[in-house]
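Everything below concerns the one structure shown next.
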Amino acid sequence: MISGIVANGHPLITIPFRIPNRADFPIEFVVDTGFTDELCLPPEAVALLDLLQK
Numbered sequence: 001m002i003s004g005i006v007a008n009g010h011p012l013i014t015i016p017f018r019i020p021n022r023a024d025f026p027i028e029f030v031v032d033t034g035f036t037d038e039l040c041l042p043p044e045a046v047a048l049l050d051l052l053q054k
């Protein structure tokens, strides 16, 4: 189960990202009920996850 809080009228959740041989790092997300197929991550998370940027 995912739980979170409501701050300034926005629902927020924190998700811990797990990478082998590294400490977990949490990223806070605003839940967007009008999801439009895009996900934004902070640059630090993109680097740690070794993701390609478009």
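Using full-length UniProt numbering, the first residue of the sequence shown is number 1, and each one after it goes up by one. All C-beta atoms in this analysis are idealised placements derived from N, C-alpha and C, irrespective of residue type, glycine included. Quick caveat: nothing in here was measured; it's all calculated off a predicted structure.
Query, Result
"8 Å Cβ shell around residue 48 - same chain, five flanking residues per side excluded", "17, 19, 22 and 25"
"Where residue 46 falls: helix, strand or coil (DSSP)", "helix"
"Distance between beta carbons of residue 31 and residue 15, contact taken as under 8 Å", "Contact doesn't hold; Cβ gap of about 11 Å is too wide."
"Paired residues, beta bridge with residue 31 - DSSP", "BP columns for residue 31 are empty, so no partner."
"Candidates 39, 34 and 33: closest to residue 27 by CA position", "39"
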